[in-house]
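Visitor: Note that our numbering numbers the sequence shown so that position 56 is 61, with each residue one more than the last. Handing you this structure, nothing more for now.
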Amino acid sequence: EQNVQASIATLTTADLLIQPPLGKLSSSDFEKATELVKIGHDHARSVAGRAGFSKPIQGDVELTQLGVALCISLCLPWCQVHGANIIVDFFTQKVGPRKQAVLDGIGAIALAAMTALLAWRTAVGAVSIHEAGETSVILGLPMWWTYVMLAPGLALTCLVALVQAGMYFGGRDVKEMQA
Numbered sequence: 006e007q008n009v010q011a012s013i014a015t016l017t018t019a020d021l022l023i024q025p026p027l028g029k030l031s032s033s034d035f036e037k038a039t040e041l042v043k044i045g046h047d048h049a050r051s052v053a054g055r056a057g058f059s060k061p062i063q064g065d066v067e068l069t070q071l072g073v074a075l076c077i078s079l080c081l082p083w084c085q086v087h088g089a090n091i092i093v094d095f096f097t098q099k100v101g102p103r104k105q106a107v108l109d110g111i112g113a114i115a116l117a118a119m120t121a122l123l124a125w126r127t128a129v130g131a132v133s134i135h136e137a138g139e140t141s142v143i144l145g146l147p148m149w150w151t152y153v154m155l156a157p158g159l160a161l162t163c164l165v166a167l168v169q170a171g172m173y174f175g176g177r178d179v180k181e182m183q184a
């Protein structure tokens, strides 16, 4: 019985670390989740139609890829603002708050550099694919649409990370961004 209680307590703690309690989620959080659920539902319906009736939804994989890429790109800045991105702090748990802030600032700069590079290359890719006229195989959707939708989310993540780096190095609490 004690092992079961310990497992439940551990599970609850882990769940709270991964996702905040429902009381802290805003309506826009539910809207984002609803969009992903809709995308997943359409894809599952297509798979069921393909398996059961040999009638899949045409272009379901293309639409799923487009929708998920957009959701991920636009959720990245939100996750960064709310500290919801996964971090590995195993080696830094015992360092002081100032040293932790410096390490977090370095991490924020690394994230900013990576997302700036991704935003830049995604925008360049969008122009290149637009010029080439590349389209998806089944629906014939212009492929550059996906790239154009990714770049703003990546650029915004870069901006958020830069602001956070400045806050970390300046000794300010990044939770001020959440207000």
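Note that CB positions come from ideal geometry on N, CA and C, so glycine has one too.
#1: Just tell me which of L161, V129, Q105 has its CA closest to the CA of G175.
#2: List the whole-angstrom C-beta distance separating E67 from I134, where the pair is believed to meet the contact cut-off of C-beta under 8 Å.
#3: Quick check on DSSP: helix, strand or coil for P157?
#4: With a 10 Å radius around its C-beta and 16 neighbouring C-beta atoms as the bar for buried, classify A118 as buried or exposed.
#5: Could you give the distance in angstroms between the alpha-carbon of L116 and the alpha-carbon of S59?
#6: Measuring only the C-alpha atoms, how far is C84 from A156?
#7: Do you know offhand how far I180's Cα is from P102's?
#8: State the beta-bridge partners of T140 as determined by DSSP.
#9: Contact check, T151 vs P82 under 8 Å by CB: the rounded distance?
#10: From this set, S51, V107, W149, Q70, which residue's C-alpha is nearest D178's C-alpha?
#11: Using only CA atoms, which one of M154, S141, Y173, A113 lies nearest to I92?
#12: How is V93 classed by DSSP in three states: helix, strand or coil?
Guide: A quick look at the data gives this:
#1: As a working note, residue 175 is residue 170 in the sequence shown. Among L161, V129, Q105, the Cα nearest to that of G175 is on Q105.
#2: The sequence position of residue 67 within the sequence shown is 62, counting from 1. The sequence position of residue 134 within the sequence shown is 129, counting from 1. Not quite, the Cβ-Cβ distance comes to about 14 Å (not below 8 Å), so this is no contact.
#3: Indexing the sequence shown from 1 puts residue 157 at position 152. In the structure shown, P157 sits in a helix (DSSP, three-state: H, G or I).
#4: In the sequence shown, residue 118 corresponds to position 113, counting from 1. When all chains shown are included, A118 counts as exposed.
#5: Along the sequence shown, read from residue 1 onward, the residue named residue 116 stands at position 111. Along the sequence shown, read from residue 1 onward, the residue named residue 59 stands at position 54. About 45 Å.
#6: Translated into positions along the sequence shown, residue 84 becomes position 79. Translated into positions along the sequence shown, residue 156 becomes position 151. Roughly 16 Å separates the two Cα atoms.
#7: Taking the sequence shown and counting its residues from 1, the one referred to as residue 180 is at position 175. Taking the sequence shown and counting its residues from 1, the one referred to as residue 102 is at position 97. Going by the sequence as given, residue 180 is Lys instead of Ile. For K180 and P102, the distance between alpha carbons rounds to 15 Å.
#8: Position 135 of the sequence shown holds residue 140. In DSSP, T140 forms a bridge with P147.
#9: Mapped onto the sequence shown, residue 151 falls at position 146. Mapped onto the sequence shown, residue 82 falls at position 77. Taking a contact as a CB-CB distance under 8 Å, the pair T151 and P82 does not count as one, their CB atoms being some 18 Å apart.
#10: Within the sequence shown, residue 178 is the residue found at index 173, counting from 1. Of the listed residues, the one whose Cα sits closest to D178 is V107.
#11: As a working note, residue 92 is residue 87 in the sequence shown. Out of M154, S141, Y173, A113, A113 has the C-alpha closest to the C-alpha of I92.
#12: Translated into positions along the sequence shown, residue 93 becomes position 88. Look at V93 here: in three-state DSSP terms it is coil, with no helix or strand label.
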